[in-house]
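Inspection log for the structure reproduced underneath, given as structure tokens.
Numbering (our numbering), first residue to last: 5 to 174.
What follows is the structure, given as structure tokens:
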């Protein structure tokens, strides 16, 4: 007999689906070379980004500035590692914290908006961040970005520079 979840749907298909994904992931790790593992890992990371947009839409909010938060954290991390020589792990945490701080400052304006107004204010914010990234070329590298961002190092025996470890993390 199968168990039912809160909506009355059997949880067995979900169990088999997740189990199948785990098996496919292990097989991919064993048979693919590092190039394809990296490509799939990047696709999964962007899928997580898209999932964030989807969650907002489930809440009835459509955001056109979602990439601004991603970009703020990425630029913060890149600037701290490349230009200021920070440890990549600390720089990632600081980049995320910076993005969260800007989001906290932006939230009081956005939270009052509904429907099209929310869409427009998130679009405007995204465009402001994009414009700053392009205009502050000495800091951000303009449309070329910041080259040479180092990969995070190891934590104990786990080497996060290895594409297979990053794939497993996703």
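Where a beta carbon is used, it is the ideal one built from N, C-alpha and C, also for glycine.
- With 16 or more other Cβ atoms from the protein chains shown falling within 10 Å of its own Cβ, residue 75 counts as buried.
- Secondary structure at residue 158: strand, using DSSP grouped into helix, strand and coil.
- Between the C-alpha atoms of residue 167 and residue 46 there is a straight-line separation of about 10 Å.
- Inclusion of residue 69 and residue 129 in the CB contact set at 8 Å is warranted, their separation being smaller than that value.
- For residue 38, the secondary structure class from DSSP, reduced to helix, strand or coil, is helix.
- For the set 112, 84 and 77, the Cα lying nearest the Cα of residue 103 is the one of 77.
- Bridge pairing for residue 163: 158 [DSSP].
- In the structure shown, residue 136 falls within a helical segment according to DSSP collapsed to helix, strand and coil.
- Secondary structure of residue 150 (DSSP, three-state): coil.
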